[in-house]
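Undergrad:
Numbering (this note's numbering), first residue to last: 37 to 140.
Below, the structure written as structure tokens:
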């Protein structure tokens, strides 16, 4: 599959990346629409601590595969994602401030 990738501060590429496989309890979403938000623009202009980084975390699409423990009846359904995946271990997460997670 193709992805727009922030390789470094101000450096983008559009290239092939491995097609993911669904993990237990998760689904694969074929992205049909994605937006670029303020945090994406900031990471492009000011840099980020983790590279490479796929931008466009606000997206919607169609579920194409399900992992173990997820009903196959979801395949073909439209969905949007919640882009925040906190670690639940850092100081911010322990305080319930998941949007300030140190790994996000």
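Where is the CB? At the ideal position from N, CA and C, for every residue including glycine. No experiment lies behind these values; they were computed from the predicted model shown.
Among all the DSSP beta bridges, which residues are the ones paired with residue 123?
TA: BP columns for residue 123 are empty, so no partner.
Undergrad: Using CA atoms only, rank isn't needed, just tell me which of 88, 93 and 103 is closest to residue 56.
TA: Considering only alpha carbons, the answer is 103.
Undergrad: Quick one: give me the first and last residue of the alpha helix (DSSP H) that residue 75 is part of.
TA: Where residue 75 is concerned, the enclosing alpha helix (DSSP H) stretches over 74-82.
Undergrad: Return yes when the Cβ of residue 65 is within less than 8 Å of the Cβ of residue 99, no when it is not.
TA: The answer is yes: Cβ separation under 8 Å.
Undergrad: According to DSSP, which residues form a beta bridge with residue 112?
TA: Answer is none; residue 112 lacks a bridge partner.
Undergrad: I'd like the span of the beta strand (DSSP E) that includes residue 131, first residue to last.
TA: Taken as a continuous stretch (DSSP letters only), residue 131 belongs to no beta strand (DSSP E), as it is neither H nor E.
Undergrad: Between the region 89-96 and the region 63-77, do at least 3 Cβ pairs fall closer than 8 Å?
TA: A contact exists between the region 89-96 and the region 63-77.
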